[in-house]
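See below for the structure under consideration.
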Amino acid sequence: MSFTGSSFTFNNISSERFGLKITTPETKSTINVSNYKSNLIKIPRRSKFYATKRIVDEPLVLNISIFSETPLTRNQIDRIEDWLFGEDDEFKKLRINQDDLNGYYYNCRLQKLESETFGNVPYIVHCLLECDSHYIWQNPQTRIINITSTPTNFKFVNISSEDSLKPTYIVKVGMVYGLLGETTLSNRYIKITDKTTNEYMEFNGLLDNEIITIDTEHEIITSNMRTSGLLDLFNKNFMKLQKGKHEFIIEGDIVEFKITYQNARKFGN
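Sequential numbering from 13 applies to the sequence shown in our numbering.
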């Protein structure tokens, strides 16, 4: 992947504050089609080797250069160092103002800061960009389905480069009109089925106007009305989505369903 001398934003601070732009030392780039790695193991007293499960064990790493069109002072370099490196090693969002990267960001941290000089005057700093994976990430997307009757069907297509998408689902509990008219149950019930895989999420004993958030990446479920006991009302299936098309059936006492997700993209190095 090549950066072409554009401005950028790192940790929500624009490089325009410092008059800086970002580029890559090499103009040639490649795209990571696969970073999978599988080792071979040999079982004692057998002649054959066997392959282990494929894993991805290397994140995306890029050499980058950050430059100014005017000389940098020592004080400016100190301020740039504080901005880019800060006081912790946490991953931060890097957004490049470049057409082919619009809407995506690198979740990364920077390492190995060096300053390049011309006639003892610094113009460029070089560093290593280390990402949290071998993907770049699309800005979060949200689909909202307003439900007036159940069962309700809707379709979703997973185009992410990841093996499986780990969305956050948000369901709002409420009275709806089903096949038998208005529901009058005090203990609300919801079932969300993925017809593609026959997996489902099921809830019992919910409250009117309760909002349930299901984080499938971290396998956490929360409510706006209670702090404990919710997991006992859930079938404990944090439903992830494989690549391709999915068709959902929504049943029960639900008035709104949201799915928030981020597409991962294999870009380049």
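Glycine included, each C-beta is placed from N, C-alpha and C at the ideal position. Here the structure is a predicted model, which is why all the values come from computation and not from measurement.
* **Bounding residues of the beta strand (DSSP E) (the contiguous stretch that carries ASN119)** => Sequence index remark: in the sequence shown, residue 119 carries index 107 (1-based). Following the DSSP letters along the chain, one finds ASN119 inside the beta strand (DSSP E) bounded by residues 116-130.
* Starting from ASN23, trace the beta strand (DSSP E) both ways and give me its first and last residue. => Locating residue 23 in the sequence shown gives position 11, where the first residue counts as 1. Premise fails: ASN23 is in no beta strand (DSSP E) and is neither H nor E.
* **Integer Cβ distance of PRO163 from ILE261, believed to fall under 8 Å** => Counted from its first residue, the sequence shown places residue 163 at position 151. Counted from its first residue, the sequence shown places residue 261 at position 249. That belief holds up - the Cβ atoms of PRO163 and ILE261 are roughly 5 Å apart, short of 8 Å.
* Asked: In terms of residues, what are the limits of the beta strand (DSSP E) holding LEU140?
  -> The residue labelled residue 140 in the question sits at position 128 within the sequence shown. 133-143 is the extent of the beta strand (DSSP E) around LEU140.
* Asked: For GLN150 versus ASN275, is the C-beta spacing smaller than 8 Å?
  -> The residue given as residue 150 occupies position 138 in the sequence shown. The residue given as residue 275 occupies position 263 in the sequence shown. A contact, by the Cβ cut-off of 8 Å.
* **contact_flag[the stretch 102-118, the stretch 152-167] where n(CB pairs < 8 Å) is 3 or more** => Flag = no, the stretch 102-118 and the stretch 152-167 do not touch.
* ILE171 by DSSP, collapsed to three states: which one? -> One-based indexing of the sequence shown puts residue 171 at position 159. Three-state DSSP puts ILE171 in coil, outside helix and strand.
* Quick one: any contact between the stretch 76-88 and the stretch 125-143, if contact means 3 or more CB pairs under 8 Å? -> These segments touch.
* For HIS258 versus ASP206, is the C-beta spacing smaller than 8 Å? -> As a working note, residue 258 is residue 246 in the sequence shown. As a working note, residue 206 is residue 194 in the sequence shown. With contacts defined as CB atoms closer than 8 Å, HIS258 and ASP206 qualify as a contacting pair.
* To do: Let me know if THR196 comes out buried or exposed under the rule of 16 or more other beta-carbons within 10 Å of its beta-carbon.
  => In the sequence shown, counting from the first residue as 1, residue 196 sits at position 184. Residue confidence is low: THR196 scores 46 on pLDDT, short of 50, so the model does not pin down where it sits. Its coordinate-derived value is still stated next. THR196 is exposed by the Cβ-count criterion.
* Tell me HIS146's beta-bridge partners as DSSP assigns them. => Here residue 146 is taken as the residue at index 134 of the sequence shown, counted from 1. DSSP output for HIS146 lists no bridge partner at all.
* 6 Å CB neighbourhood of SER172 in its chain, flanking five on each side removed -> Along the sequence shown, one-based indexing puts residue 172 at 160. Excluding its 5 nearest sequence neighbours in each direction, SER172 has C-beta neighbours in its own chain below 6 Å: ASN275, ALA276, listed in chain order.
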